[in-house]
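Participant: Its first residue numbered 0, the sequence shown is counted upward by one per residue in numbering that gives the first Met the number 0. Here a beta-carbon is modelled for each residue, glycine too, at the ideal position from N, C-alpha and C.
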Amino acid sequence: MICKKCGIDGNFTWDQQHNENTGKWRLYDLNMERPHDCPGMKVEEASSLETTMPKPRVKCPQCDPLKDSAWMEREKLQHHVRTAHFGFW
Ligand SMILES: [Zn+2]
Ligand SMILES: [Zn+2]
């Protein structure tokens, strides 16, 4: 049967024992001899989490704090200070 969540066609059966214990239905993978968990779903979740994670930004202590350009990624700050504010030291 085909898992409706991830679309994988496997040797699944409904896990009746699990249903009796929890009242929830889940698929049991007869080939793997363990409950089926959707592999495709997990990858999708992880990658979407990664892309929506905002990069932490730091404010340049030398720039005008009112300017939006004073905020940058931490890796870029060192280079920015060296190039944009060289001579201020
Ligand atoms: Zn699945
Ligand atoms: Zn700056």
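The alpha helix (DSSP H) that contains residue 75, what's its start and end?
Facilitator: What you label residue 75 is simply residue 76 of the sequence shown in a count that begins at 1. Start and end: 73-83.
Participant: Go ahead and pull the three-state DSSP assignment for residue 36.
Facilitator: Here the question's residue 36 lines up with position 37 in the sequence shown. DSSP places residue 36 in coil when its eight states are reduced to three.
Participant: So who's on the other strand from residue 58, going by DSSP bridges?
Facilitator: Indexing the sequence shown from 1 puts residue 58 at position 59. According to DSSP, residue 58 bridges with 70.
Participant: Counting beta carbon pairs with one atom in the stretch 23-38 and one in the stretch 52-72, are three or more of them shorter than 8 Å?
Facilitator: The stretch 52-72 vs the stretch 23-38: no contact.
Participant: Would you list the residues whose beta-carbon is nearer than 7 Å to any heavy atom of ligand 2, in the order they occur in the chain?
Facilitator: Residues flagged by the Cβ proximity filter: 59, 61, 62, 69, 79, 80, 83, 84.
Participant: What does DSSP give as the partner residues of residue 8 in its beta bridges?
Facilitator: Walking along the sequence shown from the start, residue 8 turns up at place 9. Beta-bridge pairing links residue 8 to 1.
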